[in-house]
Amino acid sequence: MSHVFVADLNGLAVGDEVVIAGDEGHHAVRVRRIRVGESVELVDGEGTRAGGDVSHVSVDSCTVHIHHLTYEPQTRPALTVIQALVKKDRSDQAIELMTEAGVDEVLPWAAARSQTSSLPPKWARIARESSKQARRARFPVISDVQGTPDVSAHIARTVSGGGLVLLCHESAVTPISQVLAAAQPQPPAVMIVVGPEGGLTSDELNAFTAAGAVPVVMGPSVMRAASAGAIAAAVVSAMTTRWDEGAAR
21 MSHVFVADLN GLAVGDEVVI AGDEGHHAVR VRRIRVGESV ELVDGEGTRA GGDVSHVSVD
81 SCTVHIHHLT YEPQTRPALT VIQALVKKDR SDQAIELMTE AGVDEVLPWA AARSQTSSLP
141 PKWARIARES SKQARRARFP VISDVQGTPD VSAHIARTVS GGGLVLLCHE SAVTPISQVL
201 AAAQPQPPAV MIVVGPEGGL TSDELNAFTA AGAVPVVMGP SVMRAASAGA IAAAVVSAMT
261 TRWDEGAAR
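Written out as structure tokens, the structure is:
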């Protein structure tokens, strides 16, 4: 299995050489101990993937000779998770799991019962590193923190555009699989709303359902706020063409 590194691949062609420097170069040479002749994979986080062999290694950088290039379009339906901010020891786990599950965008939400209202500073780095671990060519977008009115507006726009919004709620009676199976033809976008550890307030629940969100339950077990988004994303991906497209690549 080749190593994965992030690089600027704009305008790159087969036969070109790319220098991996900075933090990525240091990681490649000092941590991964890359050697001349090894195969590596480069991604730009925006869908481009390049494969090549290391042609030169210096103290803190290496050069890769490119032998193939591919571009991976946005997977459909687009998948967004509105994730209520959770306590620090669970926060990093939430973004890591959602990235590995293939989520396209994460909208952090400062819910009434969230224990924090600021974006965790490590989320961008964790999303990048988790994307490399998952061998993603396209990294998830981490948006700014949203308030409840903002979330309601996002839900309304998604629904008005033909999308499906799934509101994970332990008191819901409709299984997520049932809602997804009934969503024919496949919606262009799916949005998942995950509340905080303390749950949604009645005002939040009413606002989101009024905007068009469908309350769903994922199973008999009550899931943690940090893991529910990734689990729901996996269900969505398995019941739509998201993972079919991935398999085709």
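Per our numbering, the sequence shown runs over residues 21 to 269. C-beta: ideal position from N, C-alpha, C; glycine also. What you are looking at is a predicted structure, and each value in this text was computed from that prediction instead of being measured.
- What residues are listed by DSSP as bridge partners for ARG158? Counted from its first residue, the sequence shown places residue 158 at position 138. Answer by DSSP bridge pairing, in chain order: GLY65 and GLU66.
- Which two residues bound the contiguous beta strand (DSSP E) that contains HIS23? The residue you call residue 23 lines up with position 3 of the sequence shown. 23–26 is the extent of the beta strand (DSSP E) around HIS23.
- List the DSSP bridge partners of GLY71. To locate residue 71, count along the sequence shown from 1; it is residue 51. Answer by DSSP bridge pairing, in chain order: GLU61 and HIS88.
- Burial state of THR90, where buried means 16 or more other Cβ atoms lie within 10 Å: Stepping through the sequence shown from its first residue, residue 90 is reached at position 70. Exposed: under 16 other Cβ atoms inside 10 Å.
- Between PRO160 and MET211, is the Cβ-Cβ spacing less than 8 angstroms? Locating residue 160 in the sequence shown gives position 140, counting from the first residue. Locating residue 211 in the sequence shown gives position 191, counting from the first residue. In this structure, MET211 does not lie closer than 8 angstroms to PRO160 by Cβ.
- If you count every other CB in all the chains shown that lies within 10 Å of the CB of ALA258, and 16 or more means buried, which is it? Numbered from its first residue, the sequence shown carries residue 258 at position 238. Classification for ALA258: exposed.
- Same chain, Cβ closer than 7 angstroms to GLY315, five either side skipped, listed in chain order: Residue coverage of the chain in this structure runs from 21 to 269, which leaves residue 315 outside it and unanswerable.
- Item | Exposed unless 16 or more other CB atoms sit within 10 angstroms - verdict on VAL242 | For this step, residue 242 is matched to residue 222 along the sequence shown. Answer is exposed; the Cβ neighbour count stays below 16.
- Task: Please determine, among ALA230, ALA114 and SER59, the residue with the shortest C-alpha to C-alpha distance to HIS174.
- Result: As a working note, residue 174 is residue 154 in the sequence shown. Comparing Cα-Cα distances from HIS174 to each of ALA230, ALA114 and SER59, the minimum goes to ALA230.
- Message: Between ALA157 and THR68, how many whole angstroms is the CB-CB distance? I'm expecting something under 8 angstroms.
- Response: Counted from its first residue, the sequence shown places residue 157 at position 137. Counted from its first residue, the sequence shown places residue 68 at position 48. Confirmed, Cβ separation roughly 6 angstroms.
- Taking only runs of the alpha helix (DSSP H) that begin and end inside the stretch 83–146, which ones reach a length of at least 4 residues, in chain order? 108–120
- Do VAL165 and PRO216 have their C-beta atoms closer together than 8 angstroms? Working through the sequence shown from its first residue, we reach residue 165 at position 145. Working through the sequence shown from its first residue, we reach residue 216 at position 196. Taking 8 angstroms as the Cβ cut-off, VAL165 and PRO216 do not qualify as a contacting pair.
- Query: Excluding sequence positions up to five away, which residues of its chain have a Cβ less than 8 angstroms from the Cβ of VAL214?
  - Reply: Your numbering for residue 214 matches position 194 in the sequence shown. VAL101, ILE102, GLN103, ALA104, CYS188, ALA245, ALA248, GLY249 and ALA252.
- Task: Can you tell me the Cβ-Cβ gap for THR260 and PRO97, rounded? I've got them flagged as a contact below 8 angstroms.
- Result: On the sequence shown, residue 260 is found 240 positions in, with the first residue counted as 1. On the sequence shown, residue 97 is found 77 positions in, with the first residue counted as 1. Between PRO97 and THR260 the Cβ distance is about 6 angstroms, and since that is below 8 angstroms, they are a contact.
- In terms of residue numbering, what span does the alpha helix (DSSP H) encompassing ILE175 cover? Mapped onto the sequence shown, residue 175 falls at position 155. 168–180 is the span of the alpha helix (DSSP H), which, as asked, contains ILE175.
- Query: What is the DSSP secondary structure of MET211, counted as helix, strand or coil?
  - Reply: Start at 1 with the first residue of the sequence shown, and residue 211 comes out as number 191. In the structure shown, MET211 sits in a strand (DSSP, three-state: E or B).
- Item | Beta-carbon gap between ILE115 and VAL38 smaller than 8 angstroms | As a position in the sequence shown, residue 115 is number 95, starting the count at 1. As a position in the sequence shown, residue 38 is number 18, starting the count at 1. Cβ atoms of ILE115 and VAL38: not closer than 8 angstroms.
- Might you give, ordered along the chain, the residues of its own chain that have their beta carbon closer than 6 angstroms to the beta carbon of LEU139, omitting 5 neighbours on each side? As a working mapping, residue 139 is identified with position 119 in the sequence shown. The residues are PRO128 and VAL165.
- Message: Within 8 angstroms, do at least three Cβ pairs link the stretch 183–202 to the stretch 54–64?
- Response: no
- Nearest-angstrom beta carbon gap, VAL84 and ASP62 [assumed within contact, 8 angstroms]: Mapped onto the sequence shown, residue 62 falls at position 42. Mapped onto the sequence shown, residue 84 falls at position 64. Here residue 62 turns out to be Leu, not Asp, going by the sequence shown. Contact flag correct, Cβ pair sits at about 6 angstroms.
- Could you tell me the boundaries of the beta strand (DSSP E) in which LEU184 lies? Walking along the sequence shown from the start, residue 184 turns up at place 164. First-last of the beta strand (DSSP E) with LEU184: 184–188.
- Task: Let me know the secondary structure DSSP gives GLU37 once reduced to three states.
- Result: By 1-based counting over the sequence shown, the position of residue 37 is 17. DSSP places GLU37 in strand when its eight states are reduced to three.
- Message: So, at 7 angstroms on beta carbons, what are the nonlocal neighbours of GLU92 in its own chain, with the 5 sequence-adjacent residues on each side left out?
- Response: Locating residue 92 in the sequence shown gives position 72, counting from the first residue. Within the same chain, GLU92 has close Cβ partners GLY67, ARG69, ALA157, ARG158 and ARG269.
- Message: To the nearest angstrom, how far is the alpha carbon of GLN206 from that of ASP28?
- Response: Counted from its first residue, the sequence shown places residue 206 at position 186. Counted from its first residue, the sequence shown places residue 28 at position 8. Their Cα atoms are separated by approximately 34 angstroms.
- Message: Between the alpha carbons of SER75 and GLU125, how many angstroms are there, rounded?
- Response: Here the question's residue 75 lines up with position 55 in the sequence shown. Here the question's residue 125 lines up with position 105 in the sequence shown. Rounded to whole angstroms, SER75 to GLU125 spans 36 angstroms at the Cα level.
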